[in-house]
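Notes for the one structure printed next.
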């Protein structure tokens, strides 16, 4: 078994975003990436198909049939089913760890990845990651995919109460405070057993433990470039939104929907209200300890290299037998 880390992710971002996602994680030290294309027609990316470190799976009708999942199921359920498949894929490929994350998220650590994994899994079978939400500054908003260098980070309770008064442009959806997403994704030991897969809080089998770690964090680029952000919400407006949304998410959904109906100018203005911070905001936030600028992020990005052109990647439709697919999704069918 490889002692290394694999990543599994369902993707629907732009071609350039997906390529950058892979480049970054290989530079970080990830050994293999399993990509699941929720929209199979977007999977023709030569840079990925030529890289032996990438396995591409098309989430087409045959894929969902093998997993016994309806394609029209909620996005959350489709993601959970695919993450279960990704865990099984990494297990079958003999990787010790697998990170089940979205393709607008970067794993990050100040330490060498091997050391960070040792710390995160010293007393846990699943490491739960703290999310840090990306912030646009006046430079990054014009510089393309993953150009952000500032992130909202966790701090003490007093600062979490005070800081929103300085960043109150979206009070109508800010009831959960400055941090944005409060729950991150997970890195699994591939030998873990579970009774229910979930993108945030999987239910583990007795004897397995899930604990939060600070050795590795999750940089969440939810404030992607405007065109990609607009596309994401258009897909949700077309019927792919997650049902039973929390109150905050429901208000955000309605706010963005109304702006989209009014046209790109209003939608872009709302996007700026959500994500663009001026330099004085950033200086104040860093002084208060609620905005982080990860010190190794630029170095890791600079070390990214175009992937080698080698043998074509495997397609999981040819790799797994029906028995393995059944095993991979058994916990889901039991819930």
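In this note's numbering, the protein residues as written are -9 to 325.
All residues carry an ideal CB built from backbone N, CA and C; glycine is no exception.
Exercise. Measure how close the beta-carbons of residue 33 and residue 46 come, nearest whole angstrom, since I'm counting them as under 8 angstroms.
Key: 6 angstroms
Exercise. Assuming residue 97 contacts residue 208 (C-beta within less than 8 angstroms), just tell me the rounded distance between them.
Key: 7 angstroms
Practice problem: Determine the burial state of residue 99: buried for a count of at least 16 other Cβ atoms within 10 Å of its Cβ, exposed for fewer. | Solution: Residue environment analysis places residue 99 among the buried positions, since at least 16 neighbouring C-beta atoms fall within 10 angstroms of its C-beta.
Quiz item: Residues in its own chain within less than 8 angstroms of residue 60 by CB, not counting five upstream and five downstream?
Solution: 54
Self-check item: Other residues of its chain near residue 250: CB distance less than 6 angstroms, five sequence neighbours each side excluded
Solution: 257
Quiz item: To the nearest angstrom, how far is it from the Cα of residue 288 to the Cα of residue 140?
Solution: 11 angstroms
Exercise. Would you check if the distance between the CB atom of residue 294 and the CB atom of residue 17 is smaller than 7 angstroms?
Key: yes
Practice problem: Give me the Cβ distance between residue 177 and residue 101, rounded to the nearest whole Å; I'm assuming they're in contact under 8 angstroms. | Solution: In fact, because the Cβ distance is near 14 angstroms, the residues do not count as touching under 8 angstroms.
Quiz item: Quick one: Cα of residue -6 to Cα of residue 244, how far?
Solution: 42 angstroms
Quiz item: In whole angstroms, what separates the C-alpha of residue 275 from that of residue 88?
Solution: Approximately 33 angstroms between the Cα atoms of the pair.
Self-check item: Residues bridged to residue 198 (per DSSP)
Solution: Answer is none; residue 198 lacks a bridge partner.
Quiz item: At a cut of 8 angstroms, does the segment 130 to 144 reach the segment 184 to 198 through at least three beta carbon pairs?
Solution: no
Quiz item: Cα-Cα, which of 253, 181 and 20 is closest to residue 78?
Solution: 181
Self-check item: Local conformation of residue 128 per DSSP, three classes
Solution: coil
Quiz item: Comparing alpha-carbon positions, which option in 204, 104 and 57 lies nearest residue 21?
Solution: 104
Practice problem: Look at the Cβ atom of residue 106, then the Cβ atom of residue 205, and state whether they are nearer than 7 angstroms. | Solution: yes
Exercise. May I ask which residues mark the beginning and end of the beta strand (DSSP E) holding residue 22?
Key: 22 to 27
Quiz item: Going by beta carbon distance, what residues of the same chain come within less than 6 angstroms of residue 284, once the five residues before and after it are set aside?
Solution: Within the same chain, and ignoring the five residues on either side of residue 284 in sequence, the residues whose Cβ sits closer than 6 angstroms to its Cβ are 98.
Practice problem: Put residue 142 into one of helix, strand or coil per three-state DSSP. | Solution: strand
Self-check item: Endpoints, alpha helix (DSSP H) assigned at residue 76
Solution: 65 to 82
Quiz item: Going by C-alpha distance, which of 248, 1, 124 and 213 is nearest residue 38?
Solution: 1
Exercise. Please report the residue range of the alpha helix (DSSP H) in which residue 278 lies.
Key: Unbroken alpha helix (DSSP H) run through residue 278: 269 to 278.
Quiz item: Using the C-alpha atoms, what's the distance from residue 173 back to residue 237?
Solution: 16 angstroms
Quiz item: Straight-line CA distance for residue 114 to residue 86?
Solution: 13 angstroms
Quiz item: Taking DSSP as the reference, what is the three-state secondary structure of residue 206?
Solution: strand
Quiz prompt | Whole-number beta carbon distance between residue 11 and residue 137, since they are thought to touch under 8 angstroms | solution = Incorrect: roughly 14 angstroms between the Cβ atoms, too far for contact.
Exercise. Give me whichever residues DSSP pairs with residue 96 in a beta bridge.
Key: 209
Quiz item: How long is the line joining the alpha carbons of residue 91 and residue 255, rounded to whole angstroms?
Solution: A straight line joining the alpha-carbon of residue 91 with that of residue 255 spans about 32 angstroms.
Self-check item: Beta-carbon proximity list for residue 217, same chain, < 7 angstroms, skipping 5 on both sides
Solution: none
Self-check item: For residue 122, the residue or residues it bridges with in DSSP
Solution: 209
Self-check item: Nonlocal neighbours in the same chain, by C-beta distance under 7 angstroms from residue 6, ignoring five residues either side
Solution: 135
Exercise. Provide the residue(s) that pair with residue 227 in DSSP beta bridges, ordered along the chain.
Key: Its beta-bridge partners do not exist; DSSP assigns none.
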